[in-house]
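Here is the structure we will look at.
There are 2 protein chains.
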Amino acid sequence: MSYLIKNGWILNENGEKTQADIRVTGETITAIGKLDATDNETVIDAKGLLVSPGFVDLHVHFREPGGEKKETIETGAKAAARGGYTTVAAMPNTRPVPDTKEQMEWVQNRIKETSCVRVLPYASITIRQIGDEMTNFEALKEAGAFAFTDDGVGIQTAGMMYEAMKRAAAIDKAIVAHCEDNSLIYGGSVHEGTFSKANGLNGIPSVCESVHIARDVLLAEAANCHYHVCHISTKESVRVVRDAKKAGIRVTAEVSPHHLLLCDEDIPGLDTNYKMNPPLRSPEDRAALIEGLLDGTIDFIATDHAPHTEEEKNTEMKLAPFGIVGLETAFPLLYTHFVKNGSWSLKQLIDYMTIKPCEAFGLPYGTLQTGQAADITLIDLEKEAVIDKETFLSKGKNTPFNGISCTGWPVATIAAGKLAYEEGRLVK
Amino acid sequence: MSYLIKNGWILNENGEKTQADIRVTGETITAIGKLDATDNETVIDAKGLLVSPGFVDLHVHFREPGGEKKETIETGAKAAARGGYTTVAAMPNTRPVPDTKEQMEWVQNRIKETSCVRVLPYASITIRQIGDEMTNFEALKEAGAFAFTDDGVGIQTAGMMYEAMKRAAAIDKAIVAHCEDNSLIYGGSVHEGTFSKANGLNGIPSVCESVHIARDVLLAEAANCHYHVCHISTKESVRVVRDAKKAGIRVTAEVSPHHLLLCDEDIPGLDTNYKMNPPLRSPEDRAALIEGLLDGTIDFIATDHAPHTEEEKNTEMKLAPFGIVGLETAFPLLYTHFVKNGSWSLKQLIDYMTIKPCEAFGLPYGTLQTGQAADITLIDLEKEAVIDKETFLSKGKNTPFNGISCTGWPVATIAAGKLAYEEGRLVK
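Protein sequences, first through last, are from chains A and B. Residues in the first sequence are numbered from 0 upward in steps of one, following numbering that gives the first Met the number 0. Residues in the second sequence are numbered from 0 upward in steps of one, following numbering that gives the first Met the number 0.
Next up, the structure:
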């Protein structure tokens, strides 16, 4: 299949708008510039649209196997494509956990069979993510594991994390950490702060996260391992990562859209669509996250897309599962809040969602270049619409942003040269 | 009892030698200047001697109760006085541990009955220092606990340390931490480095210490607790403390003479007198400790005086207990190495052993001032002698410095107005 994306504009190195047509042949970009259509290619009229590299989200939960009621690889991938994502990395906290070569191969096949975007599967660090016994890293790497993580739970002992880091470093893979010290959770369902006190809820103190990061950056230094911090959420964590980077430690970090956009004081009431892990923190934490993203302490944005059924979320704050969806709302929310109404440049936002995650993990995606994978997202920056969870292609409707009006929506997504999503008005 | 210390010289604010006589009446200094003897006072001729504030060592092991073969409060105090120390803080890893009001009162009485210097007893953080259950901080404070520590073992769970810090902060006491993650000890008896590899010994990696400090400074920040790091030994630990101080966290740290003087490459062979915990680290670690002391990251020097019987130490490296004595060798070694043959000023060294520990813990000692406690040490900076463990007043002879020639020896010590030690040629 061959496409010619005509009349759109791209952002150049300096973030300036530049008119450019893009030719896609098979899975790759084969030409960029002023191009005329050839016979056997489908023209996509991108007039007035931003032609962006496909977004990259290195933290999604597709729930398959075992949680198909919440999401499947197929529905998750469709949601990603609709959100403009062409590459996602799927967390291993499924049932079963991909902690063996066979399990990983099953997931890979499932991706091949059902996914419309590139899905990079994480393998778990420990068997069944219980934290006691390490998985076979070498075998899992061979089976295509993207990196290793027990996301959803923290690695509780330093010794286990240190051994995992040494093993990961030996096979040039990253350790990706959900940072949570179980002895500091206190049965909390929200951040230990204004909201928890006002509502008589147990709160999860910021140290629950920051102490693991502080531990792990030292272990990563000693093991010379690439250590990546999932969903960073506290100002102290940002400081620890900043100091670690200053010391030359190979640490990267991601932040979620919801932690950039909301803090605990924004939680309107006991609405479980505002319950995620880590929780929404204080205004000072949110400010520190934004500052950390802007000064490079935090490397990129990742949604931590975590679908649950409405039934699961339809209970009290203490009992509801943690997590919200994010793939289909990330760009509109972030563009509206930080670019259109904020101080970020468009390029900054695009980079946080494309090239930055790829640079952090050495992935050959996230840019528009001849010869590179044809991962392309067309964005209508003028389009205004209200977030409507009923239109989500994700099975998960658990979002706190339902009803919010946003500007700037992805309207078509080409993943590895295939049209993965399109609002039905572009392709001729 | 009243003393007049005549003809000695003291160091003024700028570290300059100044002739000054000092009158001691009862427990306090009552006059400093050009003084003439009165009838009923004993004159101590301090001609040619440095008259220093008494040294303060906030980390000693006096082994009583339960370890009287190694040391008693009495013998330890005598060793302290001989080393020029007038105040010491005694660690609670005795048998039994002072983890109740009654035990603490027993120790206090023992100190009153047998000690010739001021001994401030630590109480333990957890019952029997096992790490599971917190002691009654309020009761132990009432019984005179100086601060709280489980020295000898690390507090393994963040939750326990956090609760302890909150409790200590509430009663304005410090948490003093032996930083050691049990999951990172690997059965090591020396530092994981050159010496361990050359001798086929399990090594204790630096992260074993540094990860606890990194955890604890964040907990201390959240709990607003004074957190003190015992016997800091690694370059990463110095960096973590430096960053924490920069962030305004109430952390202080001590370093031992042996970690300033020796590294693992100095260990001549399988000599258990070079075995202590934390172990002697790399040359780079030693350099970082010196730098950290000089730039204020590390607050003061403490010996971690840890006597063992010669029988206990007379075994293989793996089996011997950790620890060396230090009270009777600290000043001569440090003065010789860092002042006489080094770049430190005399005042720097004296401050690290007197006012700095007192400032860190708010103790009213460590200076020569009218009205202050008469804690005074006379030092012959010209005296040259060889360290001879057989002359030690400590029961412990376990030192790696035996036979080393040093210059600069304490020759008399007045503790709270009483002559606690004197070489027999001064008092008239």
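No residue lacks a Cβ here, since even glycine has one placed at the ideal position from N, Cα and C. Values in this document were obtained by computation on a predicted structure and should not be read as measured data.
Task: chain A contact for Glu156/B (CB, 8 angstroms cutoff) - done: Note on identity: in this sequence residue 156/B is Thr, with Glu being the wrong assignment. Output row for Thr156/B: interface = yes.
- [ ] Give a yes or no on whether 8 angstroms exceeds the smallest Cβ distance from Pro204/B to chain A.
- [x] Interface residue, yes.
- [ ] Spatial neighbours of Asn181/A within its chain, please: CB distance less than 6 angstroms, with the 5 preceding and 5 following residues excluded, ordered by chain position.
- [x] Gln155
Task: N- and C-terminal bounds of the alpha helix (DSSP H) containing Tyr351/A - done: 345-351
TODO: Reducing DSSP to helix, strand and coil, say where Ile375/A ends up.
DONE: strand
Task: Glu358/A at chain B interface by Cβ criterion, 8 angstroms - done: Interface criterion not met: the Cβ of Glu358/A is under 8 angstroms from no Cβ in chain B.
Task: Supposed close pair Ile212/B, Cys178/B - CB separation, criterion 8 angstroms - done: With a Cβ gap of about 5 angstroms, Ile212/B and Cys178/B count as contacting.
Task: Thr366/B versus Lys165/A - alpha carbon distance - done: 50 angstroms
Task: Terminal residues of the alpha helix (DSSP H) in which Ile72/A lies - done: 72-81
TODO: Return the bridge partner residues of Ala384/A from the DSSP annotation.
DONE: Cys405/A
Open item on the list: Quick test of the definition: if touching needs 3 or more C-beta pairs under 8 angstroms, does the region 346-362 of chain B touch the region 262-278 of chain B?
Closed with: No, the region 346-362 of chain B is not in contact with the region 262-278 of chain B.
Task: For Pro331/B, the three-state DSSP class (helix, strand or coil) - done: helix
- [ ] Show which residues of chain B have a CB atom less than 7 angstroms away from the CB atom of Tyr161/A.
- [x] Leu183, Val206
Open item on the list: Strictly under 8 angstroms for the Cβ-Cβ distance: is Asp44/A near chain B by that measure?
Closed with: no
- [ ] Would you please verify whether the beta carbon of Ser209/B is less than 8 angstroms from any beta carbon of chain A?
- [x] yes
TODO: Quick one: give me the first and last residue of the alpha helix (DSSP H) that Ile248/A is part of.
DONE: Counting along the chain, Ile248/A falls outside any alpha helix (DSSP H), and DSSP gives it neither H nor E.
Open item on the list: Can you check whether the C-beta of Asp242/B is within less than 8 angstroms of a C-beta belonging to chain A?
Closed with: yes
Task: Bridge-paired residues (DSSP) for Pro120/A - done: Ala89/A
Open item on the list: Give me the chain B residues within the contact set of Arg214/A, using Cβ-Cβ distance strictly less than 7 angstroms, ordered along the chain.
Closed with: Simply Val210, Ala213, Arg214.
Open item on the list: Let me make sure I understand the geometry here. Which of Thr251/B, Gly395/B, Ala301/B, Leu48/B has the alpha-carbon closest to that of Lys77/B?
Closed with: Gly395/B
Task: Sufficient close CB pairs (3 or more, under 8 angstroms) joining the region 289-298 of chain B to the region 234-248 of chain B - done: yes
Task: Sequence-distant residues of its chain with Cβ nearer than 6 angstroms to Ser220/B (five each side left out) - done: A small fix is needed here, since residue 220/B is Glu in this sequence, not Ser. Once the five neighbours on either side are set aside, the close Cβ partners of Glu220/B are Ile248.
- [ ] Using 10 angstroms around the beta-carbon of Leu218/A, count the other beta-carbons present and answer buried if the total reaches 16, otherwise exposed.
- [x] buried
Task: From Thr369/A, Asn340/A, Phe330/A, Lys339/A, residue whose alpha carbon lies closest to that of Asp350/A - done: Phe330/A
TODO: Decide yes or no for the touch test of the region 337-346 of chain B against the region 90-99 of chain B: beta carbon pairs closer than 8 angstroms, at least 3 of them.
DONE: no
Task: Endpoints, the beta strand (DSSP E) within which Gly32/B is located - done: 27-32
Open item on the list: Closest to Asp303/A by C-alpha separation, out of Pro278/A, Ala142/A, Asn108/A, would be which residue?
Closed with: Pro278/A
TODO: Please report how far the alpha carbon of Lys140/A lies from the alpha carbon of Val175/A, in whole angstroms.
DONE: In a straight line, the C-alpha of Lys140/A is about 14 angstroms away from that of Val175/A.
Task: Segment limits, alpha helix (DSSP H) that includes Gln18/A - done: Element bounds for Gln18/A: not the alpha helix (DSSP H) but the beta strand (DSSP E), 16-18.
Open item on the list: Taking contact to mean 3 or more Cβ pairs, one atom from each stretch, closer than 8 angstroms, check whether the region 62-76 of chain B and the region 33-47 of chain B are in contact.
Closed with: no
Task: Chain-order list of residues whose beta-carbon lies under 6 angstroms from that of Gly186/A (same chain, five-residue window excluded) - done: Asn201
Task: Same chain, Cβ closer than 6 angstroms to Gly143/A, five either side skipped, listed in chain order - done: Within the same chain, Gly143/A has close Cβ partners Gln107.
Task: Nearest residue (CA-CA) to Tyr161/A, options Leu183/B, Val152/B, Asp149/B, Lys172/B - done: Looking only at Leu183/B, Val152/B, Asp149/B, Lys172/B, the smallest Cα-Cα distance to Tyr161/A is reached by Leu183/B.
Task: Rounded separation between Phe54/B and Glu327/B - CA only - done: Those two C-alpha atoms are separated by around 12 angstroms.
Open item on the list: According to DSSP, simplified to helix, strand and coil, what is Asp180/B?
Closed with: coil
Task: Interface partners of Leu218/B on chain A, CB under 8 angstroms - done: Neighbours of Leu218/B in chain A, taken as residues whose beta carbon is under 8 angstroms from its own, are Val206, Val210 in chain order.
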